[in-house]
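Structure, as structure tokens:
Residue numbers (the working numbering): 1 to 338.
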């Protein structure tokens, strides 16, 4: 299958502004169901409403539909958006809103970047209350992130990097992390320059490490595996960015020894598992996933997807039902930090 994608060029950092730490471990977090809970009404929040608005604005209005009232759950089946990425959701919405007979996937995919820009513009015009509508940090998450910052990630002598791997548009992810107080915990690794050279006006002061929905979209909306394979590409992008941040990135020696992705959905487990065989994965890098049962999926569902553990290569950990990032001791132990 031909994959139509776009991948923003990764930023090149000058050695004079690299941090003095060499990261040995990278922890990447999913957002929804992992750091943040969603309650009824999330689709009416700024991010939820931005999808329909962006499709309507960039691809043209559907005169039979009121874009100010239509929501994602109204238009798409749960499997078409839950655990997916913003780019794939946009294209699936476009097909629904325009109608199959009028929808051209190649034409629409060429406008994905424009639609993401419009989503960000829409969210930028909303206040923090609207951005946080229907979502909230899961219990204990802020405390765990504060501990990560104080003991593991903040300061030049720390060897753990933290960031997001999420299907969210990067600028929107920043707004959400700010509005919810998550960014204020200072656990995420800051960046001296924009990732991929992309500037998100108004949120450049809260720039942090990650791989985002705005970094990659395959545009393969009929292949359900792309829900996790696109996320796997975003994980690969984040790992490469972390390596570039290291003081040793200019040498042949890579100090990063382990990447741990944290998520609540099958797409998170499968994305991390797919990255084990990704062509850009550095030799010797151990891939781990910490599955948290704080979202919509059970421990058994997540465990069934992990497959066999291979020490030093693929080391999955699934926490007990209800345990997640907010269970500080359990979570830090799962990451090998205590």
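All C-beta atoms, glycine included, are put in the ideal place defined by N, C-alpha and C.
| Check | Outcome |
| --- | --- |
| Sheet register partners of residue 58 (DSSP bridge) | The partner list for residue 58 (beta bridge, DSSP) is empty, contrary to what the question assumes. |
| For residue 32: DSSP bridge partner residues | 36 |
| Simplified DSSP assignment, three categories, for residue 290 | strand |
| Element boundaries [alpha helix (DSSP H), containing residue 93] | 86–98 |
| Closest Cα partner of residue 286 within the set 336, 136, 326 and 305 | 336 |
| Selection from 22, 228, 321 and 43 that minimises the alpha carbon distance to residue 261 | 228 |
| Beta strand (DSSP E) segment containing residue 258, residue limits | 258–263 |
| When 97, 38 and 82 are compared against residue 65, the one with the closest alpha-carbon | 97 |
| Residue interval of the beta strand (DSSP E) (run including residue 171) | Run containing residue 171: none in the beta strand (DSSP E); it sits in the alpha helix (DSSP H), 170–179. |
| DSSP-derived helix/strand/coil call for residue 153 | helix |
| Distance, residue 161 Cα to residue 62 Cα | 45 Å |
| Where residue 192 falls: helix, strand or coil (DSSP) | coil |
| Helix, strand or coil at residue 236 according to DSSP, with G and I counted as helix | helix |
| Assigned secondary structure, residue 72 (DSSP; H/G/I helix, E/B strand, else coil) | helix |
| Contacting residues, own chain, Cβ-Cβ under 6 Å from residue 130 (five flanking each side not counted) | 46 |
| Helix, strand or coil at residue 306 according to DSSP, with G and I counted as helix | helix |
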